[in-house]
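Same order as they appear, the protein sequences are chains A and B. My numbering puts the first residue of the first sequence at 1, with every later residue one more than the last. My numbering puts the first residue of the second sequence at 1001, with every later residue one more than the last. The block underneath contains the structure these notes are about, expressed in structure tokens.
There are 2 protein chains.
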Amino acid sequence: MAGASDPLLSLEHFMPYRLNRAAETVSRRFAAIYRRHSGLTRPEWRALATLGQYGCLTATDIGRHSAMHKTKVSRAVQALEDRRWLKRQTDSEDRRVEHLTLTALGQKNYRALAQLALDFERRLRETLGPELFDQLNAGLEAFEEA
Amino acid sequence: MAGASDPLLSLEHFMPYRLNRAAETVSRRFAAIYRRHSGLTRPEWRALATLGQYGCLTATDIGRHSAMHKTKVSRAVQALEDRRWLKRQTDSEDRRVEHLTLTALGQKNYRALAQLALDFERRLRETLGPELFDQLNAGLEAFEEA
DNA sequence: AATGGATTGTTACGTTTGCAACAAATATAC
DNA sequence: GTATATTTGTTGCAAACGTAACAATCCATT
């Protein structure tokens, strides 16, 4: 009888599994929100949010900040450019580099989406309860440092 | 000047973003381990781990437990069957249903991989420090309940 | 200034993914 | 008992993905 006579590993208590499930759930719910609002994909939202926060970055910068593969960034930037939400400006000293900034339209949409994000997080905090939310945050912060 | 004059949203402190980064990092590192060990993909590992823990499940069960799309499950099961790591047995009463169990070979490999998983988690706990690790776990548990 | 090596961003290609349609079997309603 | 709906698992297809190769540019060593 093949079986779970003595399961060596309990997935439900396995940290990578837990992290993934939580991240997936949160990410998918939030993605549904901004997808409905403006039809952005996840890479596009990430690029927009990074640019909105930092103002002017190169594609490489965006990749570093948002931990996205450079081809993902390249395609997201292209999509945002097609929407006229950002503009490129080649560096005058290093012509490989393109400086990316949000257009007025892009900023307007960024503000709306950032507000959605904050609302979402606030609801998440309420659902979880402030103590546990902060606890989770502290754990994640520790993780980032290590 | 387009800019981050007053960034509405700090991605680094945004919970969904944090969760994703942590999950991605952990998941990728662990995936590298079992990929090197036995060449399993992530869906295949998940199906194997779920079966190893619960003994005998249907494809739908695996999907529910591991939060995978049913096509992903279908393909992972196929791959594991090709390796002779699991066998199917159609239910005698409901012939749509297939009961999946690990073969002896599958169980052997499951045990080895489960051990890798436990080792990985132990190292993770050491890296993070037990207090923060447990804190993170508590936060994730709360999340699962909500 | 010239050759070799790095870096920036895009493109080509094979793989993986999820949605939708599907066949097969069962359950439900009339 | 037949028709309709639901469930289980697979497959076709188009979109998204990452690896690798690439062109363009810059830097370093000579």
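For glycine and all other residues, C-beta sits at the position ideal for the given N, C-alpha and C.
Check, Outcome
"Distance CB(residue 1053/B)-CB(residue 19/A) smaller than 8 Å", "no"
"Proximal residues of chain A, C-beta to C-beta of residue 1026/B below 9 Å", "15, 16, 19, 20 and 143"
"Listed by chain order, chain A residues near residue 1048/B by CB distance under 7 Å", "Near residue 1048/B there are no residues of chain A at all, since even the closest Cβ is about 10 Å away, more than 7 Å."
"Beta-bridge pairing of residue 87/A - partner residues as DSSP gives them", "101/A"
"Limits of the alpha helix (DSSP H) - the one that residue 1094/B falls within", "Per DSSP, residue 1094/B belongs to no alpha helix (DSSP H) and is neither H nor E."
"C-beta contact flag for residue 102/A and residue 1136/B at 8 Å", "no"
"Anticipated Cβ contact below 8 Å, residue 58/A with residue 100/A, distance rounded", "7 Å"
"Limits of the alpha helix (DSSP H) - the one that residue 984/B falls within", "Any answer about residue 984/B is impossible in this case: the structure gives chain B only from 1001 up to 1146."
"Contacting positions in the stretch 1083-1099 of chain B - beta carbon closer than 9 Å to chain A", "1086 and 1087"
"Residue 1106/B beta carbon less than 8 Å from that of residue 1132/B", "no"
"Cut-off 6 Å between Cβ atoms - residues of its own chain near residue 113/A, not counting five sequence neighbours on either side", "34"
"Environment of residue 92/A [buried if 16+ CB atoms lie within 10 Å]", "exposed"
"DSSP bridge partner residues for residue 1057/B (one or two, in chain order)", "1100/B"
"Min CB distance residue 7/A to chain B below 8 Å", "yes"
"Cutoff 8 Å: residue 121/A Cβ touching any chain B Cβ", "yes"
"8 Å Cβ cutoff met for residue 1024/B and residue 76/A", "no"
"Anticipated Cβ contact below 8 Å, residue 1048/B with residue 1110/B, distance rounded", "6 Å"
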